[in-house]
Every structure is written in structure tokens, then in C-alpha cells.
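Novice: Pasting a structure here, questions to come.
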Amino acid sequence: VPISNIRNFCIIAHIDHGKSTLADKLLQMTGTVQKREMKEQFLDNMDLERERGITIKLQAARMRFVLEKEPYCLNLIDTPGHVDFSYEVSRSLAACEGALLVVDASQGVEAQTLANVYLALENNLEIIPVMNKIDLPGAEPDRVSKEIEEIVGLDCSNAIHCSAKEGVGITEILSAIVKKIPPPQYTAEMPLRALIFDSYYDPYRGVIVYFRVVDGTIKKGDRIYFMASGKDYFADEIGVMSSNQMQVDELYAGEVGYLAASIRSVADARVGDTITHFGRKANESLPGYEEATPMVFCGLFPVDADQFPDLRDALEKLQLNDAALKFEPESSSAMGFGFRCGFLGLLHMEIVQERLEREYNLSLITTAPSVVYRVNCVNGDTLECSNPSLLPEPGKRRFIEEPYVKIEMLTPKEYIGPLMELGQDRRGEFKEMNYITENRASLIYLLPLAEMVGDFFDQLKSRSKGYASMEYSLVGYRESELVRLDIQINGELVEPLATIVHKDKAYSIGRALTKKLKELIPRQMFKVPIQACIGAKVIASESLSAIRKDVLSKCYGGDISRKKKLLKKQAEGKKRMKAIGKVDVPQEAFMAVLRLE
Ligand code: GTP
3 VPISNIRNFC
13 IIAHIDHGKS
23 TLADKLLQMT
33 GTVQKREMKE
43 QFLDNMDLER
53 ERGITIKLQA
63 ARMRFVLEKE
73 PYCLNLIDTP
83 GHVDFSYEVS
93 RSLAACEGAL
103 LVVDASQGVE
113 AQTLANVYLA
123 LENNLEIIPV
133 MNKIDLPGAE
143 PDRVSKEIEE
153 IVGLDCSNAI
163 HCSAKEGVGI
173 TEILSAIVKK
183 IPPPQYTAEM
193 PLRALIFDSY
203 YDPYRGVIVY
213 FRVVDGTIKK
223 GDRIYFMASG
233 KDYFADEIGV
243 MSSNQMQVDE
253 LYAGEVGYLA
263 ASIRSVADAR
273 VGDTITHFGR
283 KANESLPGYE
293 EATPMVFCGL
303 FPVDADQFPD
313 LRDALEKLQL
323 NDAALKFEPE
333 SSSAMGFGFR
343 CGFLGLLHME
353 IVQERLEREY
363 NLSLITTAPS
373 VVYRVNCVNG
383 DTLECSNPSL
393 LPEPGKRRFI
403 EEPYVKIEML
413 TPKEYIGPLM
423 ELGQDRRGEF
433 KEMNYITENR
443 ASLIYLLPLA
453 EMVGDFFDQL
463 KSRSKGYASM
473 EYSLVGYRES
483 ELVRLDIQIN
493 GELVEPLATI
503 VHKDKAYSIG
513 RALTKKLKEL
523 IPRQMFKVPI
533 QACIGAKVIA
543 SESLSAIRKD
553 VLSKCYGGDI
563 SRKKKLLKKQ
573 AEGKKRMKAI
583 GKVDVPQEAF
593 MAVLRLE
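For the sequence shown, position 97 matches number 99 in this note's numbering, and the numbering has no gaps at all.
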């Protein structure tokens with residue numbers, strides 16, 4: 003089709019508002035995929051994603067749609083729905099001319115949706131509002147349309163009423179995409195510039211790069227150059243994505259496609275990078291490229307020391323497909339050899355941990371996540387410290403700075419009180435409160451990132467009965483009075499249990515943590531003291547009383563199968579324990595500091 007008949011769009015929606023369901027219906031209605039070849043949801047094709055029902059990785063699909071006898075080519079670029087991946091969202095928006103704003107008409111606009119709408123507006127995208135789930139008895143499309151008009155100032159008088167589930171409103175959406183979203187500009191004569199909005203590693207073909215040609219033309223066999231990574235390759239294969247990848251010879255400005263060029267790691271073809279020709283380089287790369295900066299770090303240690311090489315192999319393999327994952331070896335006397343790993347956020351961390359255990363059969367002990375502190379030392383150096391146990395001694399440091407985030411919570415007005423309490427509890431600095439509609443308010447706080455790592459989101463949800471939503475962004479570093487809280491078990495310092503806390507909270511955290519550890523660590527054959535210290539000073543202590551650990555004494559008689567079952571249970575319990583000195587410490591203990599309330 004000519005460039006005037008191409009439309010590139012994405013879908014902005016809050017988690018669970020129906021993005022995947024709608025995408026599937028668009029694919030079905032345009033005959034891109036037949037119903038029988040559809041898996042649960044076509045666009046989210048990672049198992050983990052499907053299980054959690056959240057979109058993590060973006061991809062694209064090309065659809066053919068005929069309107070008034072004209073054939074159009076519609077490229078849907080999928081966006082992930084979680085803040086950890088907001089950089090990827092921004093790049094996929096940059097690859098489009100328009101967006102569908104899908105809002106659950108029985109709920110309303112959520113914080114993350116708003117953030118993405120503003121991002122879309124900044125990118126000059128045409129936004130088409132869609133009120134989804136109108137089949138639900140509680141749906142109020144008009145109220146929600148008004149809400150969007152009031153908050154974003156977007157005209158919603160023609161918002162499309164839709165039920166993705168029942169297939170209502172789908173043709174209207176397709177027509178609106180053609181009529182309202184502008185076609186790409188014609189710049190095929192210019193030097194090639196293509197924006198990478200996704201990439202993944204394929205063990206047979208190397209990295210598959212998804213891109214939008216912004217200027218110029220790319221042909222099969224071209225020698226291409228990645229402007230940020232500085233690497234060059236031959237484009238062995240280029241193509242488009244309909245129901246499957248389909249090879250083509252050439253792609254022009256405005257088109258969306260993929261390429262394979264025997265690229266060995268996604269780090270060499272990162273999201274946000276610009277592809278140009280090696281022989282005719284563009285003067286300037288496309289705007290918006292950013293390095294991935296890990297925000298949270300944790301230690302990963304194999305339960306069984308023999309698995310250390312396997313853990314390294316697995317991390318290397320995952321990294322091929324995940325440019326944001328960082329790791330380096332870490333060892334401690336308590337834990338043996340493992341890795342210190344950096345992640346974009348908590349969800350990213352959980353995903354990696356889960357994949358390591360599931361796909362690589364590793365049994366791991368994970369230590370509590372830490373943010374990156376900036377330590378200003380007496381000798382004038384500034385150190386970045388993401389491992390509490392490596393924090394320089396008090397005598398060696400002048401002050402410590404910690405990362406702060408600006409967080410916006412959207413909530414029905416009845417939960418303002420509980421959420422303000424939450425903000426206060428977490429060392430938050432109240433910035434502003436606005437009523438965005440009669441019944442809903444937006445609360446803005448500045449808050450240490452460290453206070454958000456952990457159960458902040460769970461607390462937000464439980465204190466608002468599930469109705470509040472939030473969004474955050476990093477705003478920089480601030481000096482805080484921080485101290486390191488160490489934990490000793492049976493007289494032995496357990497480095498991975500060390501945390502950095504605000505000095506005013508150290509005593510209460512010390513007390514709560516020792517108490518929690520006492521609950522979590524199984525009793526041993528001997529008495530075990532558990533102490534929290536700051537430097538040499540013990541600030542809280544508990545002790546586990548001794549027990550004779552004989553599980554079999556419970557089964558009298560000779561019921562052998564019951565005996566076996568008990569032994570098996572005990573063995574399973576052992577799997578996720580780490581022997582620290584003579585004491586077995588379970589996985590939960592390493593995360594205890596996150597769940598003290
Ligand atoms: P993420 O992938 O987590 O971002 O969620 P999503 O926005 O893709 O939502 P998804 O399509 O997975 O839908 C969430 C839930 O809403 C699912 O249980 C859907 O079946 C349901 N749902 C989607 N559209 C409709 C609709 O039009 N009506 C009703 N009643 N339910 C819908």
C-alpha cells in the first residue's frame with residue numbers, strides 16, 4: 003500500500019482494562035489471525051506474562067483493513083503495562099502517529115494511564131478514546147469520558163463505546179484509526195533512520211530487532227550501523243509481522259518491521275537505538291535514547307554451592323535477551339559465592355528470579371533488594387553503593403545520599419487519609435493534592451525510593467481496598483541520615499541481612515526485624531541469639547530456644563509411608579535454606595525486612 007494508507011498506532015491502557023483482549027479482537031476482525039490459531043492472548047506471548055496477566059514485552063502486528071474499498075495497512079505496536087518498563091513504552095509511542103486510549107468504563111482513569119497519555123501527547127500522537135467493557139452492568143462510559151475530558155483536556159464526545167470481550171465497537175475502532183490517525187510522513191529519500199522499539203534473542207538467528215523506519219529505506223542484505231552501540235551488521239533477513247514473521251525485500255519510511263543480522267546480544271541492538279546505513283550514515287540519531295540504569299539490586303546465591311557455574315550460565319543467557327539486567331560476582335563468608343544483580347524495578351527483579359528458577363532449575367536464595375546509595379567519603383571520593391554490607395564505615399564517610407522518587411497516587415476521596423498516612427510513614431514529603439474530579443484526588447509525594455521497594459504498592463492497594471493506583475519517576479538524589487543495620491545470628495554477622503535505614507527508624511526496625519527473624523528461622527538443637535546492631539552496638543536482640551529436631555518422633559508405630567512423607571517434606575523445606583554457620587536460615591528470612599508491618 004502507499005504510505006498514505008499506512009497507520010501506526012499503539013494502545014494505552016491500565017493493567018486489566020482490556021488491552022490484550024482488544025488487540026486480539028482487532029487481529030481477528032482483520033483476519034490477521036484465525037480464531038483457532040489464537041492462543042489465549044496473541045500479543046502477550048511469554049508464559050510468565052500470561053500467568054500474571056500483565057504485558058511485559060512489546061511486540062508488533064501488521065493488519066490489513068479495507069475501508070470504503072481502500073486497503074489500509076495498520077501496524078499495532080504493543081506496549082508493556084508496568085512502570086518498570088516505562089522507557090520501552092516511551093520508545094514504542096515514539097514509533098507511532100496515534101494511540102488508542104482504552105479505559106475500563108466501569109472504573110476510570112488510573113495513574114499509569116495518565117502518565118502514558120501525557121507521554122503520547124508529548125510525542126504529538128493523535129489519541130482515540132475508547133470506553134471498554136460497556137457490557138458490564140456497572141459501566142458508565144459517559145461519566146468516565148467526562149473524567150478524561152476534565153483531567154487531560156481531551157475531547158471525548160466521540161469516544162468509542164466498546165466491549166472487547168463481546169466484540170462490540172471493533173469496526174468503529176478500525177475506522178477511527180484510519181480516519182483520525184495521520185499517515186507517516188514521506189521521507190524515503192533521506193538517509194536511513196529506523197527506531198528500535200523492541201528486540202529479543204532467538205537462539206537460531208540471533209537477535210530479532212523490531213523497528214519503525216522513520217526515514218529512508220532498508221533492503222535485505224544492506225550493511226547497517228547502530229548509532230548508539232556503534233556496531234555494524236548485514237541485514238540477512240528483513241520482514242513484517244502479520245500472524246507470523248513474513249520476509250520482504252525492502253521496507254520504506256513509515257513502515258514497521260523486523261530484521262535479523264546475526265546479532266549476538268540484545269545489548270548490541272537496544273531499544274531506543276537508531277539503525278542507519280553503514281555507507282550513508284544519518285547525521286543525527288533519533289532522539290530519546292537512554293542507557294538502562296538499574297534501580298534496585300539484590301544478591302542471588304545458589305542454595306547448593308555446586309550450582310554457582312550454572313547460575314552464571316543462566317544469567318549470561320538471560321542477559322542476551324535483557325539489556326537491562328546487570329550482574330557481577332559477589333561472595334560473602336555467610337553465603338559463599340553468588341551474584342549481585344541490578345534490575346529496573348521490583349517486577350523486573352521478580353521476573354528474572356522466577357525465570358532462573360523455572361527455566362534453569364536453580365534453587366536460589368535472594369537477598370532483600372537495595373537501592374543505589376551515593377556515599378561521599380572523607381577523602382573526597384563519591385562511591386555508588388548498592389550493597390549495604392559494603393557501605394564504608396562511619397569514620398570514612400561524610401554523608402550519604404539516596405535516590406528519591408516523585409510519586410502520584412490517584413484515589414477515591416474516602417482513602418485520602420489512609421494514603422497520606424502511608425506517605426508519611428514512608429518518610430514522604432507531601433507536595434500537593436488536587437481533586438481531579440468531584441470524587442477522585444491526586445496526591446503527590448516526594449519519597450525515598452528505598453521506602454517504595456518492598457510492600458509500598460501492596461499497602462497502597464490494601465489501604466484503598468484496591469481502588470488507588472500510582473505512578474512514579476526518579477527525581478534525583480538527596481542527603482539523608484542513614485545508618486547500616488547489621489544482623490548477627492548465633493554470634494555470626496550475616497552480611498546479606500544488612501540493610502541501610504534512616505537513623506530515626508533504626509531502633510524500631512531492629513526490634514521488628516529480630517522478632518520476625520525469630521519467627522522465621524526454625525529452632526535448632528541449641529539456643530540461637532539473634533541480634534540487630536549498629537556498628538558494635540547491639541540495639542535489639544531475641545533468642546531462639548533449643549529444640550530436639552526429630553520429626554519422626556511424631557509418628558508412632560511403623561507407618562512407613564507416613565514416615566517417608568514427613569522426611570520428604572523436611573527435605574523440601576531444606577531446599578530453600580542456607581546454612582549460616584550452624585544455623586539454617588530460610589529464604590523468607592532474607593526478605594523479612596520488607597514485610598515488617
Ligand atoms: P495487561 O495485559 O495486564 O496489561 O491487561 P490488559 O489491559 O491486556 O487486560 P486484558 O485484556 O487481559 O483484560 C483484563 C480482564 O478484563 C480479562 O479478564 C478480560 O476478560 C476482561 N475484559 C476485557 N475486555 C472486556 C470487556 O469488554 N468486557 C468485560 N466484561 N470484560 C473484559
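Each residue gets a CB set at the ideal place from its N, CA and C atoms; glycine is no exception.
Suppose contacts are defined by Cβ-Cβ distances below 8 angstroms. Is I511 in contact with L451 by that definition?
Specialist: no
Novice: In the stretch 440-528, which residue ranges form an unbroken alpha helix (DSSP H) of at least 4 residues, counting only runs that do not cross its ends?
Specialist: 451-454, 458-465, 508-522
Novice: For my contact list, F67 and T23 are in at a C-beta cut-off of 8 angstroms; report their separation, rounded to the angstrom.
Specialist: About 19 angstroms; that fails the 8 angstroms criterion.
Novice: Taking the alpha carbon of P394 as the reference point, which residue from R376, A25, P405 has its own alpha carbon closest?
Specialist: R376
Novice: I'd like the list of long-range same chain contacts for I438, defined as Cβ closer than 6 angstroms, with 5 residues on each side in sequence excluded.
Specialist: I153, S444
Novice: Using the three-state DSSP reduction, which class does R64 fall into: helix, strand or coil?
Specialist: strand
Novice: In whole angstroms, what separates the C-alpha of G169 from that of P331?
Specialist: 51 angstroms
Novice: If you draw a straight line from the C-alpha of L327 to the C-alpha of L349, how long is it?
Specialist: 12 angstroms
Novice: Output the distance between the C-alpha atoms of F199 and G583, rounded to the nearest integer angstrom.
Specialist: 48 angstroms
Novice: Could you please give the first and the last residue of the uninterrupted alpha helix (DSSP H) stretch that includes M351?
Specialist: Under the DSSP assignment, M351 falls in the alpha helix (DSSP H) whose first and last residues are 348-361.
Novice: Could you tell me which of L288, V595, P73 sits nearest to S6, measuring between CA atoms?
Specialist: P73
Novice: Using only CA atoms, which one of V503, N381, L261, L522 lies nearest to K204?
Specialist: First, the residue type needs correcting, since residue 204 is Asp and not Lys in the sequence shown. Of V503, N381, L261, L522, the residue nearest in Cα terms is L261.
Novice: Beta carbon of A20: closer than 7 angstroms to some heavy atom of the ligand GTP?
Specialist: According to the sequence as given, residue 20 is Gly; it is not Ala. Yes.
Novice: Here's a check: name, in chain order, each residue in its chain whose Cβ is nearer than 7 angstroms to the Cβ of C98, leaving out the five neighbours to either side.
Specialist: Beyond the five residues adjoining it in sequence on each side, C98 comes within less than 7 angstroms, by CB distance, of N10, F11, C12, I79, L127 in the same chain, given in chain order.
Novice: Using 10 angstroms around the beta-carbon of V587, count the other beta-carbons present and answer buried if the total reaches 16, otherwise exposed.
Specialist: So V587 counts as buried.
Novice: Which one of S92, N118, I541 has the shortest CA to CA distance from V104?
Specialist: N118
Novice: Per DSSP, what kind of secondary structure is V587 in: helix, strand or coil?
Specialist: strand
Novice: What are the boundary residues of the alpha helix (DSSP H) that L95 is part of?
Specialist: For L95, the uninterrupted alpha helix (DSSP H) segment begins and ends at 88-96.
Novice: What three-state label does DSSP hand E152 in the structure shown?
Specialist: helix
Novice: Excluding the 5 residues flanking S466 on each side, which residues of the same chain have their C-beta closer than 8 angstroms to its C-beta?
Specialist: T413, P414, Y417, P420, L421
Novice: For Q249, count neighbouring Cβ atoms within 10 angstroms of its own Cβ and tell me buried if that reaches 16, exposed if not.
Specialist: exposed
Novice: Confirm the yes/no value for this check: CB of D200, any heavy atom of the ligand GTP, distance under 7 angstroms.
Specialist: no
Novice: Would you mind sorting F458 into buried or exposed? The rule is 16 or more other CB atoms within 10 Å of its CB.
Specialist: buried
Novice: Output needed for A255: all residues of its chain with C-beta closer than 8 angstroms, excluding positions within five of it in sequence on either side, in chain order.
Specialist: I5, P186, Q187, Y188, T189, A190, M192, V215, V216, D217, G218, T219
Novice: Kindly examine the ligand GTP and report whether one of its heavy atoms sits closer than 7 angstroms to the Cβ of A166.
Specialist: yes
Novice: Quick check: the Cα distance between K21 and I179, rounded to an integer number of angstroms?
Specialist: Cα to Cα, the separation comes out at about 16 angstroms.
Novice: Which partner residues does A343 have in the DSSP bridge list?
Specialist: A quick correction: the sequence has Cys, not Ala, at residue 343. C300, F329, per the DSSP bridge assignment.
Novice: Could you name the residues that DSSP lists as bridge partners for R376?
Specialist: E386, E403
Novice: How is the beta strand (DSSP E) around R195 delimited, first residue to last?
Specialist: 195-204
Novice: Counting pairs of Cβ atoms below 8 angstroms between the stretch 380-395 and the stretch 491-509, do you hit three or more?
Specialist: Contact between the stretch 380-395 and the stretch 491-509 is present: 3 or more CB-CB pairs across the two stretches fall below 8 angstroms.
Novice: Taking DSSP as the reference, what is the three-state secondary structure of K415?
Specialist: helix
Novice: Hey, is the stretch 590-597 in contact with the stretch 528-546, meaning 3+ C-beta pairs nearer than 8 angstroms?
Specialist: no
Novice: Using a threshold of 7 angstroms, is the CB atom of K135 nearer than that to any non-hydrogen atom of the ligand GTP?
Specialist: yes
Novice: Find out if the Cβ-Cβ distance for the pair S365, T34 is shorter than 8 angstroms.
Specialist: no
Novice: Are L102 and I130 closer than 8 angstroms when you measure CB to CB?
Specialist: yes
Novice: Nearer than 7 angstroms: is that true of the beta carbon of L476 relative to any heavy atom of the ligand GTP?
Specialist: no
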